[in-house]
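Numbering (the working numbering) for the sequence shown: 675 to 798. We put the beta carbon where it would ideally sit given N, CA and C, even for glycine. Taking it in order: structure first as structure tokens, then the write-up.
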Amino acid sequence: YSGPSYEIGDRQMLPFLVETDRLYESFVAEWLKINAPEGFTVKSQYKVSLGKKRYLKIDLLLWDAERNAARCVLDTKYKIPDKGAMADIHEMVSHAHSVNCLDAILIYLNLLGNRWIFKITRFE
């Protein structure tokens, strides 16, 4: 007996696929919920309305209950790049700006060789 594979066999079954990017995001979210500092909560798939049935969906948001405000925007990436992708950074900046947050973290599957640290500034 063997498990499901992509090969044709003599039995029929429903296809079974795992959305590994969502699984990874869920794992990170649960870990953060368990390990978040007191007074902070983690919100998953946080929606920010852009009007007319348009919205941004933020993977993870660290919420400061005392301030009733976003403390940090987090985005999980189920990929192993050599360095942070500009598209990922642009996405993070727009998400952070949408919730008036200055801290954003990209969470990749591995540590990047040279970590990028950048500050998001307010636009007046």
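Proximity to residue i [Cα-Cα], best of the options
i, options, result
"F714", "I682, A743, N774", "A743"
"Y782", "K707, I754, L730", "I754"
"L736", "K757, N784, R696, A778", "A778"
DSSP state of residue i mapped onto helix, strand, coil
i, result
"T795", "Note that T795 scores a pLDDT of 48, beneath 50, so its modelled location is shaky and nothing firm can be said."
"Y675", "Since pLDDT at Y675 reaches only 45, below the 50 mark, its modelled position is unreliable, and the value read off the structure follows with that caveat. Three-state DSSP puts Y675 in coil, outside helix and strand."
"K753", "coil"
"R696", "helix"
"L691", "coil"
Contact belief for residue i with residue j at Cβ below 8 Å, rounded distance in angstroms
i, j, result
"C775", "R745", "7 Å"
Bridge partner(s) assigned by DSSP for residue i
i, result
"V716", "L736"
"L730", "V722"
Residue range of the unbroken alpha helix (DSSP H) whose run includes residue i
i, result
"A770", "760-772"
Limits of the beta strand (DSSP E) - the one that residue i falls within
i, result
"I779", "778-782"
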